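Each residue of the sequence shown is one higher than the one before, counting from 337 in the working numbering.
Structure first, then comments.
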Amino acid sequence: MTEPSEISPETNSPQTPATPYRVSVLTMFPEAFPGPLGVSVLGNASKESQLWALEPVDIRTFSSDKRGFLDDTPAGGGPGQVLKADVIAKALDSLGADDRPKVYMSARGRRLTQDKVREWSKASGLIVLCGRFEGVDQRVLDARGFEEISVGDAVLAGGEAAAMVTIEAVVRLIPGVLGAAESLDTESFEDGLLEHPQYTRPRTFEGLDIPEVLLSGDHKKMAVWKQKQREATTKERRPDLWAAYLSKLQAKGAPKPE
């Protein structure tokens, strides 16, 4: 394992598609975008390769109130404000007839999963609604077919950060965005297991060495080591994933990991 002058950056040279993957974000704060979506391979795939396009939509411009109010007090009482159904509907309808999946970022939504991300990446694009205050009038979510999605068991001030997480997870799966498609195969969640630990030069860091098996050149031994590390990490950190993984093995008649 020789020492190069530097680690090579991620590169790709995809062909420009006829129609880029189109992401529209309905938000009170369009200035928050693109944020991290505009840098590194994601930014290059949008600005240079035109594999995907980001369209922030300012929902404040669709208020019929002279003062630009988007929200009102909750029906039935309670703290805070609720984004109005008619305002959100106008913002969404301004996009025209559209069959893209519609996602509302919500702490009470179903958890974002790699399976769901993969499903969305195969569509023509995505529409993401960012909530604020106490949320959005349920009627527009039902009437317009929004799917409520949560990025974790925590409450945020608004949906913009969660939207960026969701969009990044989806866009990176678009063919051509990442340089090597095979690099996705052993990522966390792709097959039900978390990813194995990663190492790179220098060979020794503060008295800690790269595991010898990774320097052996024996690809079979390295593959076995990586698989065992993935299993051990998943068992320790995500017992829910581990139980599901064992169930899949059992259904296939495969032996349990040692």
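Ideal placement from N, C-alpha and C gives every residue a C-beta, glycine not left out.
In this text the structure is predicted, and so the values were computed from the model without any measurement.
**Prompt:** Rounded to whole angstroms, how far is the Cβ of R454 from the Cβ of E484, which I believe are closer than 8 Å?
**Reply:** Counting from one through the sequence shown, the residue named residue 454 turns up at place 118. Counting from one through the sequence shown, the residue named residue 484 turns up at place 148. 19 Å between Cβ atoms; not a contact.
**Prompt:** Between V464 and the rest of its own chain, which residues show a CB-CB distance below 6 Å, the 5 nearest in sequence each way excluded?
**Reply:** Numbered from 1 along the sequence shown, position 128 holds the residue referred to as residue 464. Hits under 6 Å: V361, V439 and A499.
**Prompt:** Touching or not, the region 530-544 and the region 489-505, by the rule of three or more beta carbon pairs under 8 Å?
**Reply:** Segments in contact, no.
**C-alpha gap between D422 and R508, whole angstroms** = Counting from 1 along the sequence shown, the entry for residue 422 is found at position 86. Counting from 1 along the sequence shown, the entry for residue 508 is found at position 172. Roughly 33 Å between the two C-alpha positions.
**Spatial distance of E518 from L387 (CA atoms)** = Here the question's residue 518 lines up with position 182 in the sequence shown. Here the question's residue 387 lines up with position 51 in the sequence shown. Since pLDDT at E518 reaches only 47, below the 50 mark, its modelled position is unreliable, and the value read off the structure follows with that caveat. Answer to the nearest angstrom: the Cα atoms are 19 Å apart.
**Prompt:** Leaving out the 5 sequence neighbours to the left and right, which residues in its chain are closer than 8 Å to R574 when beta-carbon positions are compared?
**Reply:** Stepping through the sequence shown from its first residue, residue 574 is reached at position 238. Contacts found: L530.
**Prompt:** Is E518 helix, strand or coil by DSSP?
**Reply:** If you number the sequence shown from 1, residue 518 lands on position 182. Confidence at E518 is low in this model, with a pLDDT of 47, below 50, so the placement of that residue is unreliable and no value is reported for it.
**Prompt:** Rounded to a whole number of angstroms, what is the C-alpha to C-alpha distance between K426 and T569?
**Reply:** As a first step, residue 426 is located in the sequence shown; it is residue number 90 there, counting from the start. As a first step, residue 569 is located in the sequence shown; it is residue number 233 there, counting from the start. Each residue's Cα considered, the two are about 47 Å apart.
**F469 and G416 closer than 8 Å at C-beta** = Against the sequence shown, residue 469 aligns to sequence position 133. Against the sequence shown, residue 416 aligns to sequence position 80. For the 8 Å CB-CB criterion, F469 and G416 form a contact.
**Message:** In whole angstroms, give me the CA-to-CA distance for S344 and D473.
**Reply:** As a working mapping, residue 344 is identified with position 8 in the sequence shown. As a working mapping, residue 473 is identified with position 137 in the sequence shown. Model confidence at S344 stands at a pLDDT of 39, short of 50, so the residue's coordinates are unreliable and nothing is read from them.
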